[in-house]
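In my numbering, the protein residues as written are 837 to 1031.
Even glycine gets a Cβ: it sits at the ideal position worked out from N, Cα and C.
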Ligand SMILES: [Zn+2]
């Protein structure tokens, strides 16, 4: 029921929960708090049992807080993907959400090192890992692999290009990749007719 996770990293997957942003009909995956906690479990940020518990407490206000973070993450990484400077206000929003997440985080031993862990039933737990993921990507990179889907239809989905020669241009090969191919073929046919 949710969009394929093509972002390659939690924060970009989160940003992509509003799909087709530059089209006439953007598709919103997060219409309620239940959508948010379900998506968070779907994306592996929380486990399904936690999602079910959070759902009983989450409100529309919790959803709005999450969406504010999502939009800021999108603005920041869309700028990064376009080799522009991230807007200061969006950076500040990501930073303040991250600070809130960190206030609730516990450092625990994991294999092979230590990592942040979230426990409890605060509804904000559904987005905390996305805030951590965004700050990690910003501070540790690889920022030069952050890309904006090149589809002309206006997808502008964000993804981490992990291909060896950094040649990935589209969010998904069977979605925007196919559309771009069809458009190329159509314009080649048009060009052929005019010669
Ligand atoms: Zn796309």
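Could you name the residues of the same chain whose beta carbon sits closer than 6 Å to that of residue i, not counting the 5 residues immediately before and after it, in chain order?
i           : result
residue 902 : 872, 963
residue 891 : 870, 873
Please state if the CB of residue j and the CB of residue i are separated by a distance shorter than 8 Å.
i            : j            : result
residue 968  : residue 926  : no
residue 996  : residue 914  : no
residue 1012 : residue 1028 : no
residue 983  : residue 1004 : yes
residue 899  : residue 966  : no
residue 998  : residue 842  : no
residue 943  : residue 934  : no
residue 847  : residue 970  : yes
Out of the options, which has the shortest C-alpha to C-alpha gap to residue i?
i            : options               : result
residue 910  : 845, 878, 942         : 845
residue 921  : 875, 974, 956         : 974
residue 908  : 896, 923, 895, 918    : 923
residue 1001 : 931, 980, 1019        : 980
residue 940  : 946, 955, 876, 931    : 955
residue 931  : 985, 861, 916, 912    : 912
residue 918  : 1010, 1020, 1026, 985 : 985
residue 868  : 1030, 1023, 896       : 896
residue 877  : 837, 1014, 916        : 837
residue 916  : 978, 875, 1024, 1022  : 978
Given residue i, which residues of its chain have a CB within under 7 Å of its CB, disregarding the five upstream and five downstream residues?
i           : result
residue 840 : 1008
If you drop the 5 nearest sequence neighbours on each side, which residues of the same chain put their C-beta closer than 8 Å to that of residue i?
i            : result
residue 1019 : 988
Check: Counting Cβ pairs, one atom from each stretch, are 3 or more of them under 8 Å apart for the stretch 978-992 and the stretch 850-864?
Finding: yes
Checklist line | Segment contact flag, the stretch 946-960 with the stretch 881-901, C-beta cutoff 8 Å, min 3 pairs | finding: yes
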